[in-house]
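If you read the protein sequences in the order shown, they are chains H and D.
Numbering follows full-length UniProt numbering, in which position 246 of the first sequence is assigned residue number 246; successive positions increment by one, without gaps.
Numbering follows full-length UniProt numbering, in which position 93 of the second sequence is assigned residue number 93; successive positions increment by one, without gaps.
Protein chains: 2
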Amino acid sequence: MANGKPTLRDVAAEAGVSPMTASNALHGKAGVKESTRAKVLAAAKKLDYRINLTASMLKSGRSNIIHIIVNEFDSPFYSKLTQTLSREITSRGLTPFIEQTQYSPDAAEHALTSNPFSGQLFDGEILHATGLGTNLPLAKLNGGRPLVLLDACEETPTVDAVNFPNEEGERAAMQYLIAQGCRNIAIVGHTFVPRAKLAHAQNAFALRLRGACAALLDAGLPYDETMVFEGGRSDEGITAGHAIAERIMAARRTDCGAGAGAGDRETGTAGTADFNDASGKITGRSIETTDKIPAIAFDGVCCANDFAAFGVIRGLADYGIHVPQDVKVIGFDGVTSGTYATPSLSTIQVDLDQLAKFAVDMIVERIERGEVNDNSSNAGNSNDAGTVLPPSRATIGYQLVERESTTAII
Amino acid sequence: MANGKPTLRDVAAEAGVSPMTASNALHGKAGVKESTRAKVLAAAKKLDYRINLTASMLKSGRSNIIHIIVNEFDSPFYSKLTQTLSREITSRGLTPFIEQTQYSPDAAEHALTSNPFSGQLFDGEILHATGLGTNLPLAKLNGGRPLVLLDACEETPTVDAVNFPNEEGERAAMQYLIAQGCRNIAIVGHTFVPRAKLAHAQNAFALRLRGACAALLDAGLPYDETMVFEGGRSDEGITAGHAIAERIMAARRTDCGAGAGAGDRETGTAGTADFNDASGKITGRSIETTDKIPAIAFDGVCCANDFAAFGVIRGLADYGIHVPQDVKVIGFDGVTSGTYATPSLSTIQVDLDQLAKFAVDMIVERIERGEVNDNSSNAGNSNDAGTVLPPSRATIGYQLVERESTTAII
DNA sequence: TTGAAAGCGCTAACAA
DNA sequence: TTGTTAGCGCTTTCAA
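Below, the structure is given as structure tokens:
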């Protein structure tokens, strides 16, 4: 107390009990007489006592802190993800600690390994794995603490994982576009992978591509490299949108000249167009084009995430191409801004609440089984049963949400 | 080491030195022979030693953790703010710990007071104060640790603060709309405050309202309650957008019947319109209206933040009113998605990098002056000089960014 | 330049 | 039901 902050000792003295009794009373442990507990609580309140978690952690080896690692905060997807995870963790009396890696696999590995908090302070970790190098000895990276991977899509799971409905979801998205009448559908997200090699898809975007491809083939539509564009962040989405727009413009010119139908694939030469530089001031700038741009009258775009979809819509708008009038666009994730964007964004809305529950369940189960190293008798990786739970895996649900970007004329 | 994790003692033993020397060597302290340091580092590496921050914090009373408290993660503004703050804090070798209050003042107060980390674990705290009750004894709330308020706009500063250019920025936004030819400009953000009472504006949104009002009066334009709408979150923005749209629709009908000009203020009766429910499926729904809706041909909307601006654009679109063709809209903040939205959003872009630098500077200065309670000789609020720095205050810069929402026809 | 002693505040284990 | 003892791993202090 000399220092200004009351300690447990002070509370105990004030209440006329031992520190241990005070500790038990404050933690609501059984075996404390009700009148004693009341005395202790009164004393704590009187002194404005605050437990020193640092000391508590040091002694008990437990922090109740769950570490969340994501690529960045400032993205519609990750901000929703962190919000949902934080809520779930908080609601269970645990504390979330969120870190961003800025898309650096090194930073992700660092967060799991060299970070002095990891493996000592955190009781568990949740990692959105996109961008993390594959084949890392993940289970060892975090010092044996419970680790849950989000959407890592490991073929042979080595640690607990919660995955997105990548293949099913994107197949549903593509089927929906086809049902809406689209026949020339661009895919934005992953680089083109030949159909035969899609069997080995090992990451979320590749799986989404596989789902989209499957839906195309099922419908008797072509799947080839002229219709697949890289993208995943909004700026890449804009680039993809521009590329798609140029194909469309080329098709329109071809169309005028030769009366070719929407399905035709020819080459044309793009001219120039005035458009706005979305990143700043208005400019009239001419578009540099190569001599050969495949003319494709795209009428739909199936995006691997909402972030990219916004970019695509933006990129198309730069060419005066309207969504959904000229082209229908669907995203994936179900980010919050999809509801109030103009046009509002059709999407595969994944159930992040479910994801949060699954992930925290997995961690809590391991903690309760005593798989967490602590300084008590349960030290090491041992637990009551003497065994370690094998990796669990779960896939979350989704819902196709129809909004303006695939439907209404606005 | 018995437990699996090497301790400093183990490293010291491995290197053949005392724990103290090992500690000094690992922390790069002066006064350790180079050869000794090398031995220690080699030992640490060999054993894969990781410092136990929990013990370090307990003894030293310092954590190097900065607590950031914001309303929520899943908003374009806060996600950018937390990202920027995190980066700045990390770049200085400190660790950010981010917490969301979900817009609950109680939660904010709890974060500062009852949270067991606060005032014990954190070396400093940064609080975005919107929504926090006023007149809280802030300086005492966090146990005397450095606290920086963001955009709290206290008239008499009690703690360090970094404010946004609320009044100047919004005045610039309004002036810009006027320069663009707008004459009937709605204001979205704060509830209406009569001009005379604006002098006492005590929070960010009220100050923005004051700036907007000032620009209107300077230009000889009216300022009254028919043109001010509540809003600040996107859903409130949508509501405001609907209200604005109804005024416009009423004006259009009046216009047809009586040839009234844009400046006329009359009442009319709104009919029905088909529009999309942005939150889900497409609906054709009739709009309930009151009998008397002031007919105002709004041609501009000045929003207190970007989030609301997106909502307004969405709300207008529900009535088939286009931005910027029919109405120009400007936001405030400069969120990331403003660049790739369609239309891209004109805004008052505030310099968050500057904000982060100011805020962290303020905290670091107090830490270095020894104003942080620790367990060493500098205990209490004393410091070398024996004085406590008075509250600092800074205001960050801004830049008006012109994008499509106020300019181009798309 | 290095080391020994002490203890931060708490809680597990055990004793009363 | 309550109290005593010991020590988590580190760092401050002070001595060598």
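For each residue, glycine too, the CB sits at the ideal point set by N, CA and C.
Quick caveat, the model's predicted, so the values are computed rather than measured.
R50 (chain H) classed as buried or exposed, judged by whether at least 16 other C-beta atoms fall within 10 angstroms: Locating residue 50 (chain H) in the first sequence gives position 50, where the first residue counts as 1. Buried.
Nearest to A129 (chain D) (by Cα), restricted to the options D:Q202, D:G31, D:R62 and D:S35: Indexing the second sequence from 1 puts residue 129 (chain D) at position 129. Checking every option, the nearest Cα to that of A129 (chain D) belongs to D:Q202.
Proximal residues of chain D, C-beta to C-beta of E225 (chain H) below 8 Å: Within the first sequence, numbered from 1, the residue matching residue 225 (chain H) stands at position 225. Those do not exist, as E225 (chain H) stays about 26 Å from chain D at its closest Cβ, beyond 8 Å.
Top-ranked residue by Cα proximity to E402 (chain D), from D:S392, D:G331 and D:E99: Counting from 1 along the second sequence, the entry for residue 402 (chain D) is found at position 402. Of D:S392, D:G331 and D:E99, the residue nearest in Cα terms is D:G331.
Buried versus exposed, by CB contacts within 10 Å (16 or more), L217 (chain H): In the first sequence, counting from the first residue as 1, residue 217 (chain H) sits at position 217. Exposed, by the Cβ-count rule.
Rounded Cβ spacing between V188 (chain H) and A308 (chain H) (contact assumed at less than 8 Å): Here the question's residue 188 (chain H) lines up with position 188 in the first sequence. Here the question's residue 308 (chain H) lines up with position 308 in the first sequence. 5 Å between Cβ atoms; contact.
Per-residue burial, G231 (chain H) [other beta carbons within 10 Å of its own, 16 or more giving buried]: Here residue 231 (chain H) corresponds to residue number 231 of the first sequence, with the count starting at 1. Buried, by the Cβ-count rule.
Secondary structure of Q100 (chain H), DSSP reduced to three states: Numbered from 1 along the first sequence, position 100 holds the residue referred to as residue 100 (chain H). In the structure shown, Q100 (chain H) sits in a strand (DSSP, three-state: E or B).
Under 7 Å from the C-beta of E109 (chain D): neighbouring residues of chain H: What you label residue 109 (chain D) is simply residue 109 of the second sequence in a count that begins at 1. Within 7 Å Cβ-Cβ: nothing; E109 (chain D) doesn't reach chain H, min ~14 Å.
Neighbourhood of I66 (chain H) by C-beta, 6 Å cutoff - its chain only, sequence neighbours within 5 removed: Counting from one through the first sequence, the residue named residue 66 (chain H) turns up at place 66. Same-chain partners within the cutoff: I89, L94, P96 and G124.
Identified DSSP bridge partners for residue 411 (chain H): The requested residue 411 (chain H) is not part of the displayed model; chain H covers only 1 to 410.
Interface positions of the segment 144 to 160 of chain H facing chain D (Cβ-Cβ less than 9 Å), listed along the chain: G144
The segment 116 to 128 of chain D: positions lying closer than 9 Å to chain H by Cβ: P116, F117, S118, G119, Q120 and L121
Length of the line joining the Cα atoms of P391 (chain D) and L81 (chain D): Taking the second sequence and counting its residues from 1, one reaches residue 391 (chain D) at position 391. Taking the second sequence and counting its residues from 1, one reaches residue 81 (chain D) at position 81. If I take the Cα positions, the gap works out to 22 Å.
Local conformation of P105 (chain D) per DSSP, three classes: What you label residue 105 (chain D) is simply residue 105 of the second sequence in a count that begins at 1. P105 (chain D) falls in the helix class under three-state DSSP.
Whether V329 (chain H) touches I313 (chain H) by CB criterion (7 Å): Numbered from 1 along the first sequence, position 329 holds the residue referred to as residue 329 (chain H). Numbered from 1 along the first sequence, position 313 holds the residue referred to as residue 313 (chain H). Yes.
Cβ shell of A270 (chain H) (< 6 Å), same chain only, five flanking positions each side left out: Taking the first residue of the first sequence as position 1, residue 270 (chain H) is located at position 270. Residue confidence is low: A270 (chain H) scores 35 on pLDDT, short of 50, so the model does not pin down where it sits. Its coordinate-derived value is still stated next. So the list reads E246, M249, A250, T289 and I293, once near-sequence residues are dropped.
Proximity of I69 (chain D) and E99 (chain D) at Cβ, strictly below 7 Å: The residue given as residue 69 (chain D) occupies position 69 in the second sequence. The residue given as residue 99 (chain D) occupies position 99 in the second sequence. Yes.
Length of the line joining the Cα atoms of A172 (chain H) and S346 (chain H): Counting from 1 along the first sequence, the entry for residue 172 (chain H) is found at position 172. Counting from 1 along the first sequence, the entry for residue 346 (chain H) is found at position 346. Straight-line Cα distance between these residues: approximately 12 Å.
For N375 (chain D), the three-state DSSP class (helix, strand or coil): Within the second sequence, the letter at position 375 stands for residue 375 (chain D). For N375 (chain D), the predicted structure reports a pLDDT of 42, less than 50, and the residue's modelled location is therefore unreliable. A value from the coordinates is still provided. Coil.
Contact test: T342 (chain D) Cβ vs the ligand GDP heavy atom, cutoff 6 Å: You won't find the ligand GDP in this model; it holds no ligand whatsoever.
Sequence-distant residues of its chain with Cβ nearer than 7 Å to S63 (chain D) (five each side left out): Stepping through the second sequence from its first residue, residue 63 (chain D) is reached at position 63. Correct list, in chain order: M57, L121, F122 and D123.
Rounded straight-line distance, which links the Cα of S405 (chain D) to that of Y398 (chain D): As a first step, residue 398 (chain D) must be located in the second sequence, where it is residue number 398. As a first step, residue 405 (chain D) must be located in the second sequence, where it is residue number 405. Whole-angstrom Cα-Cα distance: 18 Å.
Cβ-Cβ distance between A43 (chain H) and V11 (chain H) below 7 Å: Reading the first sequence from its first residue, position 43 is the one you call residue 43 (chain H). Reading the first sequence from its first residue, position 11 is the one you call residue 11 (chain H). Yes, Cβ-Cβ distance for A43 (chain H) and V11 (chain H) is below 7 Å.
Secondary structure, alpha helix (DSSP H): runs of 4+ residues fully inside the segment 277 to 353 of chain H: 306 to 317 and 337 to 340
Distance between beta carbons of T336 (chain H) and P76 (chain H), contact taken as under 8 Å: Here residue 76 (chain H) corresponds to residue number 76 of the first sequence, with the count starting at 1. Here residue 336 (chain H) corresponds to residue number 336 of the first sequence, with the count starting at 1. Indeed they touch by this definition, with Cβ atoms about 7 Å apart.
Within chain D, partners of N52 (chain H) - CB distance below 7 Å: Here residue 52 (chain H) corresponds to residue number 52 of the first sequence, with the count starting at 1. Ordered by position in chain D, the residues that pass the 7 Å Cβ test against N52 (chain H) are Q120.
C-beta atoms of A15 (chain H) and K33 (chain H) nearer than 7 Å: Here residue 15 (chain H) corresponds to residue number 15 of the first sequence, with the count starting at 1. Here residue 33 (chain H) corresponds to residue number 33 of the first sequence, with the count starting at 1. Contact flag unset, no.
Any C-beta of chain D under 7 Å from that of R314 (chain H): As a first step, residue 314 (chain H) is located in the first sequence; it is residue number 314 there, counting from the start. Taking Cβ atoms only, chain D reaches closer than 7 Å to R314 (chain H), which makes this a yes.
C-alpha distance - H200 (chain H) paired with C213 (chain H), whole-angstrom precision: Your numbering for residue 200 (chain H) matches position 200 in the first sequence. Your numbering for residue 213 (chain H) matches position 213 in the first sequence. If I take the Cα positions, the gap works out to 14 Å.
S344 (chain H) burial status per 10 Å Cβ neighbour count (16 or more: buried): Counted from its first residue, the first sequence places residue 344 (chain H) at position 344. With 16 or more Cβ atoms within 10 Å of its Cβ, S344 (chain H) is classed as buried.
Within-7 Å CB hit, T82 (chain D) to chain H: Sequence index remark: in the second sequence, residue 82 (chain D) carries index 82 (1-based). With 7 Å as the cut-off, T82 (chain D) counts as an interface residue toward chain H.
Per DSSP, cross-strand counterpart(s) of L150 (chain H): Working through the first sequence from its first residue, we reach residue 150 (chain H) at position 150. According to DSSP, which records beta bridges pairwise, L150 (chain H) is partnered with H:H128 and H:V162.
Near-chain H residues of the segment 338 to 351 of chain D (beta-carbon distance less than 7 Å), N- to C-terminal order: T339, Y340, A341, T342 and S344
Nearest neighbour of S60 (chain D), chosen from D:I178, D:S86, D:G320 and D:S23 [CA to CA]: If you number the second sequence from 1, residue 60 (chain D) lands on position 60. Looking at the Cα atoms, D:S23 is the closest of the given residues.
Cutoff 7 Å; reference E236 (chain D); Cβ partners in own chain excluding five residues on either side: Translated into the one-based positions of the second sequence, residue 236 (chain D) becomes position 236. For E236 (chain D), where only same-chain residues beyond five positions count, the Cβ hits under 7 Å are E230, A308 and G311.
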